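Down below is the structure, laid out as structure tokens.
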Amino acid sequence: MFRPSIARQALRTASQGPKRAAALRASCRPALPINTSRCISSTPALRDSKKDDKEDPLRKATTAAPPEEEAEHEGRYARTDESIHVEYPKDEEMPRSPIVQGRGGMHFKRTLASFSLEGRVSVVTGGARGLGLVMGQALVSSGSDLAIVDLNKQEAEEQVQKLVAQYKEENPGIEIMPKVTAHYADVANPDSVNDCIAEILGSHGKIDNLVTSAGFTENFDAISYPYDRMQKLWGVNVDGSYLFAVGVAKHLLERKSPGSIVMIGSMSGAIVNVPQPQAPYNAAKAAIRHLAASLAVEWASAHIRVNCISPGYMLTALTRKILEDNPDLNRQWTSLIPQGKMGVPEDLMGAVTFLLSDASKYVTGADLRVDGGYTLT
Numbered sequence: 001m002f003r004p005s006i007a008r009q010a011l012r013t014a015s016q017g018p019k020r021a022a023a024l025r026a027s028c029r030p031a032l033p034i035n036t037s038r039c040i041s042s043t044p045a046l047r048d049s050k051k052d053d054k055e056d057p058l059r060k061a062t063t064a065a066p067p068e069e070e071a072e073h074e075g076r077y078a079r080t081d082e083s084i085h086v087e088y089p090k091d092e093e094m095p096r097s098p099i100v101q102g103r104g105g106m107h108f109k110r111t112l113a114s115f116s117l118e119g120r121v122s123v124v125t126g127g128a129r130g131l132g133l134v135m136g137q138a139l140v141s142s143g144s145d146l147a148i149v150d151l152n153k154q155e156a157e158e159q160v161q162k163l164v165a166q167y168k169e170e171n172p173g174i175e176i177m178p179k180v181t182a183h184y185a186d187v188a189n190p191d192s193v194n195d196c197i198a199e200i201l202g203s204h205g206k207i208d209n210l211v212t213s214a215g216f217t218e219n220f221d222a223i224s225y226p227y228d229r230m231q232k233l234w235g236v237n238v239d240g241s242y243l244f245a246v247g248v249a250k251h252l253l254e255r256k257s258p259g260s261i262v263m264i265g266s267m268s269g270a271i272v273n274v275p276q277p278q279a280p281y282n283a284a285k286a287a288i289r290h291l292a293a294s295l296a297v298e299w300a301s302a303h304i305r306v307n308c309i310s311p312g313y314m315l316t317a318l319t320r321k322i323l324e325d326n327p328d329l330n331r332q333w334t335s336l337i338p339q340g341k342m343g344v345p346e347d348l349m350g351a352v353t354f355l356l357s358d359a360s361k362y363v364t365g366a367d368l369r370v371d372g373g374y375t376l377t
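Residue numbers (UniProt numbering): 1 to 377.
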């Protein structure tokens, strides 16, 4: 499970630099259209339908400003702006694109090294079991130090011991051990969250990455759902993600340091699962998805990326127990997944490592669905 030597080897290889490769002289590019002047528009069809629009009163949609407000910039009410044109050069005049360069000159840039999390400190809430535990494992194997946050600190401490022991077993003779710590937090309580973040900073000195995995679901029909239970569900799933994200972002802003935050949503935030009744949970996970996108925009200028992972049906220990007791539910769920099978927690390891690492440094506000295609049907 823990194989950090691969990442370290890749980093060493990249730093040494291979022999300079011969420059590629041919480039494969599609031919440009004959018309080399194009209007910047996300709705180009509107330019070709103006005659029809004038004749049909029901199709008089326009991006122009009202007559009383006409100005030089008429496209301000939509993405179509007919005042802007870009002249494209002829194909033979197009500049050639060199291959991506790494250090040491013209050669193929190593990609494996960009997935490394060495030298970083990652925090995973709800990290003592289930998906959070497996994702924390992935971060340690990618070189990161780890702070496991959970409502059950004793269980978190036990998992810390197991993670460190497994790491030593799989990496005999390792010189630098990752630092893994356990911390208590009630993620729905602002004071508890602030105290936890302060404790992590006291232990690790900094925080670079955050995964908000704490959450739970319940099945109640909407009419009989106890209001206090709904408040608790929303507090853990939504408030907890928001409070930890804001707390870590404050720290990153004070350090003037880039960072990456991954919120764990669910396919339930995009579709309505059947047959289980869980309207508040679905709404909470939809909120997580949009919260991640909103914070991504707000913090983009500070180089703090925020993304969402939306898992599908995952065979955690709890899910296995439910399906063993309900074989019909197992068949129903599986029949709705295009890949014909449910996922396992390990399917999230690559996804979370990608979103926290420099391999995704231009990715923010994304919702990465790891669901076997479930939400496509």
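All C-beta atoms, glycine included, are put in the ideal place defined by N, C-alpha and C. Because the structure is a prediction, the values reported are computed rather than measured.
- Boundaries around R289 are those of the alpha helix (DSSP H), 279 to 299, since no beta strand (DSSP E) includes it.
- Taken atom to atom, the span from the alpha-carbon of L329 to that of G215 is near 22 angstroms.
- With a cut-off of 8 angstroms on Cβ pairs, the segment 155 to 162 is not in contact with the segment 191 to 206, counting fewer than three such pairs.
- Boundaries around E170 are those of the alpha helix (DSSP H), 153 to 170, since no beta strand (DSSP E) includes it.
- By alpha-carbon distance to D367, the top candidate from I309, L336, E199, T377 is I309.
- Per DSSP, the beta bridge partners of D367 are C308.
- Under the three-state reduction of DSSP, D186 is assigned to coil, being neither helix nor strand.
- If you look at L252, you'll find it in the alpha helix (DSSP H) that goes 240 to 255.
- With respect to L117, L139 sits close: the two C-beta atoms are nearer than 7 angstroms.
- Following the DSSP letters along the chain, one finds G132 inside the alpha helix (DSSP H) bounded by residues 130 to 141.
- Under DSSP, G343 takes part in a beta bridge, and its partners are M314.
- Taking one beta carbon from each stretch, the segment 200 to 212 and the segment 221 to 234 have fewer than 3 pairs nearer than 8 angstroms; the two do not touch.
- A residue is called buried once 16 or more other Cβ atoms fall within 10 Å of its Cβ, and R331, having fewer, is exposed.
- V352 and G136 have their C-alpha atoms roughly 9 angstroms apart.
- Shown here, N194 sits in a helix according to DSSP, grouped into three states.
- Looking at N237, M267, A279, A182, the one whose alpha-carbon comes closest to that of P226 is A279.
- 7 angstroms or more divides the Cβ of D208 from the Cβ of G127.
- Linking L315 to E169 through their CA atoms gives a straight-line distance of about 26 angstroms.
- Straight across, the Cα-Cα distance linking K361 with L355 is about 8 angstroms.
- Three or more beta-carbon pairs drawn from the segment 142 to 156 and the segment 179 to 188 are found closer than 8 angstroms, and the two stretches are therefore classed as touching.
- Note on P178: 16 or more other CB atoms within 10 angstroms of its CB, so buried under the neighbour-count rule.
- Excluding its 5 nearest sequence neighbours in each direction, V272 has C-beta neighbours in its own chain below 7 angstroms: N282, listed in chain order.
- In the DSSP secondary-structure assignment, L210 is bridged to V123, I261.
- Within the same chain, and ignoring the five residues on either side of T212 in sequence, the residues whose Cβ sits closer than 7 angstroms to its Cβ are T125, G240, S241, F244, A245, M263, I264.
- Shown here, H85 sits in a strand according to DSSP, grouped into three states.
- Judged by beta-carbon spacing, A188 lies within the 7 angstroms limit of G235, meaning their Cβ atoms are closer than that value.
- Beta-bridge analysis with DSSP links D150 to Y184.
- D371 is classed as buried because its beta carbon has at least 16 other beta carbons within 10 Å across all chains shown.
- Around A156, the same chain offers A128, I148, D150, A182 as residues with beta carbons nearer than 6 angstroms, after the five sequence neighbours per side are excluded.
- About 13 angstroms separates the beta carbon of V297 from that of I261, a gap too long to meet the 8 angstroms contact definition.
- S335 and M230 have their C-alpha atoms some 30 angstroms from each other.
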